[in-house]
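The sequence shown maps to residues 51 to 247 in the numbering used here.
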Amino acid sequence: MSVLSGKSKIVLLFTLVTAVSLTAGLLAAKYFIPAPVTVKYDLPAPPALDVPDVRPDFSLPDLEGQVHHINEWNGKTLLINFWATWCPPCIKEIPAFIKLKEDLNRPDFEILGIAIDQLELTQDFVDGYGVNYPILIGEAEGIDIMKAYGNRLGTLPYSIVVDRNGNIIKAFRKEVSKEEVLQVISPLLTAASKKGS
51 MSVLSGKSKI VLLFTLVTAV SLTAGLLAAK YFIPAPVTVK YDLPAPPALD
101 VPDVRPDFSL PDLEGQVHHI NEWNGKTLLI NFWATWCPPC IKEIPAFIKL
151 KEDLNRPDFE ILGIAIDQLE LTQDFVDGYG VNYPILIGEA EGIDIMKAYG
201 NRLGTLPYSI VVDRNGNIIK AFRKEVSKEE VLQVISPLLT AASKKGS
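Set out below in structure tokens:
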């Protein structure tokens with residue numbers, strides 16, 4: 051006399067066949083499916099900054115829509131600052147630039163702000179903060195200009211110090227203080243003063 055009924059035998063047989071098939075499939079997969087391959091590349095990461103030696107040319111409109119060419123500031127030591135109203139470190143450093151411009155008050159030095167932003171937002175910000183140096187509206191074109199000035203990653207803020215001959219002296223890919231800028235531009239302004247006298 052059998053303990054299992056006909057239906058129970060079928061269920062047991064089906065379960066046993068399923069378990070054997072599953073085990074066989076897993077074992078076959080282990081031997082016939084190749085293991086993932088890890089490829090290591092020994093390529094160096096591209097530099098975040100690739101700053102040219104000489105200031106690239108560009109033209110951009112100001113807040114009133116008048117187009118300015120970078121050559122308008124030839125013969126001056128320049129701090130070119132790429133920024134945006136939505137960038138907290140940019141907003142934090144702008145009062146230092148306003149103070150720097152006030153303190154130096156020199157005809158042979160200029161700060162040039164390039165807003166990677168919309169005109170209306172930039173105008174409201176400039177009016178609210180009392181920015182005392184030229185602001186150009188870069189929007190998307192400003193990103194290309196920033197990359198031409200060496201900031202391949204497009205991070206903000208980004209500032210460049212250019213001497214009176216158009217040579218790029220220093221690039222800052224971070225929020226920069228008045229003291230850091232003075233440390234770079236003071237020797238340039240002193241040299242320019244000696245040449246002028």
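Ideal Cβ placement from N, Cα and C applies to all residues, glycine included.
Can you tell me where the alpha helix (DSSP H) with residue i in it begins and where it stops?
i	result
P111	Taken as a continuous stretch (DSSP letters only), P111 belongs to no alpha helix (DSSP H), being part of the beta strand (DSSP E) at 109-111.
I144	138-154
Over what stretch of residues does the beta strand (DSSP E) that includes residue i continue unbroken?
i	result
I185	185-187
T127	127-133
G163	159-165
V176	Element bounds for V176: not the beta strand (DSSP E) but the alpha helix (DSSP H), 169-179.
I220	In the sequence under discussion, the amino acid at residue 220 is Lys, which differs from the Ile named in the question. Segment 218-222, the beta strand (DSSP E) holding K220.
I210	208-212
V117	117-119
Measuring only between beta-carbons, confirm whether residue i sits less than 8 Å from chain C.
i	result
L162	Absent from the structure: chain C. Only one protein chain is present.
What did DSSP end up calling residue i once you bin it into helix, strand or coil?
i	result
G75	helix
A95	Residue placement at A95 is flagged as unreliable, the pLDDT there being 48, under the threshold of 50; the coordinate-derived value follows with that caveat. Coil.
By Cβ distance, which residues of its chain are closer than 7 Å to residue i, with the 5 residues on each side in sequence left out?
i	result
L206	F132, W133, A134, C137, C140, I166
Compare the beta carbon distance of residue i and residue j with 8 Å and say whether it is the shorter of the two.
i	j	result
L238	T127	yes
P111	L186	yes
N201	K151	no
Tell me the DSSP bridge mates of residue i?
i	result
V104	N217
Using C-beta distances below 8 Å, list every residue in its chain close to residue i, excluding the 5 sequence neighbours before and after it, in chain order.
i	result
Q173	L113
H118	S109, L110, P111, D112, P184, L186
A95	Low per-residue confidence applies at A95: pLDDT is 48, beneath 50, and the placement is therefore not dependable, though the value from the model is reported in the following sentence. For A95, where only same-chain residues beyond five positions count, there are no Cβ hits under 8 Å.
Closer than 6 Å by C-beta to residue i: which residues in its own chain qualify, once you throw out the five before and the five after it? Chain order, please.
i	result
F147	I161
M51	Caution applies to M51, whose pLDDT of 48 falls short of 50 and renders its modelled position unreliable; the value that the coordinates give is listed next. Answer for M51: no residue qualifies.
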